[in-house]
Each structure stands twice: as C-alpha cells, then as structure tokens.
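Protein chains in written order, with full-length UniProt numbering: chain A, 1 to 99; chain B, 1 to 99. The structure appears below as structure tokens.
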C-alpha cells in the first residue's frame, strides 16, 4: 500500500472551532473518495514536548489512487477553505509498506 | 492506542548507507522494546513534491508505553549514533486513535 502522512502546525490564533472543523471536514472525505482505504487523524495528545498540532495517516492501494485523492475537488476544497487559513507549517511524505 | 508519528529530513550529504542504517537500526527496536505494538516506516516514494525523506508510524497501548520507548537506551542509541548525525529536520506528534 501507499501510505500518506501529513503533519500540521496551526497558527497561534487558530480557534478551537477552526481546528475542529478541519478534522470534521477531512472526516467526510472517506465517504466521498472511495480510493481512501484507511484514514486516521488526531490532534496532539500532549505527552511529549516539541510536537506539531495535528496528524493524518492515510492508506491507498497505489500511487495513482493517492493522486486521485490529492487532486480531488472535495479534498482541495478542505485545503483551501479550512486548512490554509490556519496553516503555520506542514510536513508530508508518501511511502510504500506491506499493509 | 497512542500513535507516534515522526517525519525526518536528512542532510543533503547523508549517504544512502547512512539512511539505510537508520531504517535497519530502528527496525531492531520492536524486538528489544515490547511496548511497541506496531512499527511501520519507509522512505519517500517520490510521488508528490515537497515531501520529507523518511517516516515512522508507531503504535502503543498507552502514553506510558510510548514514554518507555522514547526513553529506552536502545532507542536513544539509534538517535544519537545514527539519526542525529544526518538530521536536517524533524516533525513529530502523538495522538490517540481507536486502533
């Protein structure tokens, strides 16, 4: 499988409502984009210092399926309308694994 | 479960051997630290621009188990001897999920 991991740091003035809306809107995507095989996200649990704010781990059957997700209008809408307005930092990777 | 995600960017002069050694040495840890329930890592597949070099996703039953792993001498040895010498950037998070 191809695993997509993305870590987000939110701007300091991002409200709890804005942060929660990102999770809620992303959470709708597995019902819209069938190429998503697994979609696990969460906010930092506060157990270790120096961490970012929010993470998403998503699995796909292939790189092609990941790209379909990446470019999907519903995904792009979440990025444009909800993520980018509160985004302070982002780090991402895709890697293959035996899942 | 508590999921620990860490993304690494290696220095430009990091050799393939150094990068591979990090993966090999980390791969020994599940056999040494029983608190590790799942341990999936990989290097960037090159399917999308702007990504980091290497990722690790690890699952633990609790925050206490994660901290045992974080502080374990065998883990700290990999960080000191193999990761830090080629480390250019690091981003991490721990979050709870229903796994």
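Glycine included, each C-beta is placed from N, C-alpha and C at the ideal position. Owing to the predicted nature of the structure, the values given are computational and were not obtained by experimental measurement.
Excluding the five sequence neighbours on either side, which residues of its own chain have a C-beta within less than 7 Å of the C-beta of residue 88 of chain B, listed in chain order?
9, 10, 11
Is the beta carbon of residue 42 of chain A less than 9 Å from the beta carbon of residue 3 of chain B?
yes
With a cut-off of 9 Å, does the C-beta of residue 26 of chain A fall near any C-beta of chain B?
no
Under 7 Å Cβ-Cβ, which residues of chain A neighbour residue 93 of chain B?
7, 44, 51, 52, 55
Using a threshold of 9 Å, state whether the C-beta atoms of residue 40 of chain A and residue 78 of chain A are closer than that.
no
Counterpart residues of residue 93 of chain B in DSSP-defined beta bridges
B:5
Going by DSSP, which residues form a beta bridge with residue 39 of chain A?
A:58
Residue 44 of chain B to residue 6 of chain B, Cα distance in whole Å?
13 Å
Can you give, in chain order, each stretch of the alpha helix (DSSP H) that sits fully within the region 11-38 of chain A and has at least 4 residues?
16-28
Mind checking which residues open and close the alpha helix (DSSP H) that includes residue 78 of chain A?
73-78
Should residue 74 of chain A be labelled buried (16 or more other beta-carbon atoms within 10 Å of its own) or exposed?
exposed
Should residue 98 of chain A be labelled buried (16 or more other beta-carbon atoms within 10 Å of its own) or exposed?
exposed
Could you say which of A:47, A:69, A:57 lies nearest to residue 31 of chain A if we only look at CA atoms?
A:69
Just checking: is the beta-carbon of residue 87 of chain B within a distance shorter than 9 Å of some beta-carbon in chain A?
no
Using a Cβ-Cβ distance under 9 Å, would residue 29 of chain A count as near chain B?
no
CA-to-CA distance, residue 26 of chain A to residue 81 of chain A, given in whole angstroms:
12 Å
Whole angstroms is fine: what's the gap from residue 94 of chain A's alpha carbon to residue 51 of chain B's?
8 Å
Out of curiosity, what's the CA-to-CA distance linking residue 57 of chain A and residue 38 of chain A?
8 Å
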